[in-house]
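Sequential numbering of the sequence shown, starting at 1, is according to UniProt numbering.
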Amino acid sequence: MRIGRLKHFWVSNRGSASIEFVSLALPLFIPVIFFLHQFATVSGTEEIARTLAREGARAFVTSSRGDSAEIAMNAVIATAGMELGLTHDEFSRMAVGLECSASPCYTPNAKIIVTIHFGATKEFRAVTASAQEYISPWS
Numbered sequence: 001m002r003i004g005r006l007k008h009f010w011v012s013n014r015g016s017a018s019i020e021f022v023s024l025a026l027p028l029f030i031p032v033i034f035f036l037h038q039f040a041t042v043s044g045t046e047e048i049a050r051t052l053a054r055e056g057a058r059a060f061v062t063s064s065r066g067d068s069a070e071i072a073m074n075a076v077i078a079t080a081g082m083e084l085g086l087t088h089d090e091f092s093r094m095a096v097g098l099e100c101s102a103s104p105c106y107t108p109n110a111k112i113i114v115t116i117h118f119g120a121t122k123e124f125r126a127v128t129a130s131a132q133e134y135i136s137p138w139s
């Protein structure tokens, strides 16, 4: 009798949809969830890098004097990074670059480009963002 019920359970399709879902569909969702998590992490880091580059460039061009422009840029980037929630490890991975179209850098009509680069680690890929601004011709 017991063998008959077991054979009937085995032959019937009752409960097979849930077993198929767990065995086939669920393993397919795991890579999708992993991809979405990685995409969100990289997108967040890219947005932070763009914001820091843009605010650093604005701080440079709106400085009142050329000798304090780079100091103001670095201070704004550090303060904005803390406000955006960067950790000490993220600050250590961050590099700030400054390119100028004129020498000295703080010259009227000069174009400056601020680049923020987060280096790659085992957990994160490298992210780079740049922003450009022009120094006022009347400065």
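Idealized CB from N, CA, C, for every residue including glycine.
- DSSP, read as helix, strand or coil, puts residue 99 in strand.
- A distance of 8 Å or more separates the beta carbons of residue 54 and residue 126.
- When Cβ pairs closer than 8 Å are counted between the two stretches, the region 109 to 129 is seen to touch the region 89 to 98, the count reaching three or more.
- From the listed residues 68, 57 and 67, the smallest Cα separation to residue 77 is found for 57.
- Under a 10 Å Cβ-count criterion, residue 86 is classified as buried, with 16 or more other Cβ atoms of the shown protein chains found around its own Cβ.
- Residue 134 is bridged by DSSP to 111.
- For a cut-off of 8 Å, the C-beta gap from residue 40 to residue 59 is around 29 Å, too long to register as a contact.
- In this structure, residue 112 places its C-beta atom within 8 Å of the C-beta atom of residue 99.
- Within the region 60 to 100, complete beta strand (DSSP E) segments of at least 3 residues are found at 94 to 100, given in chain order.
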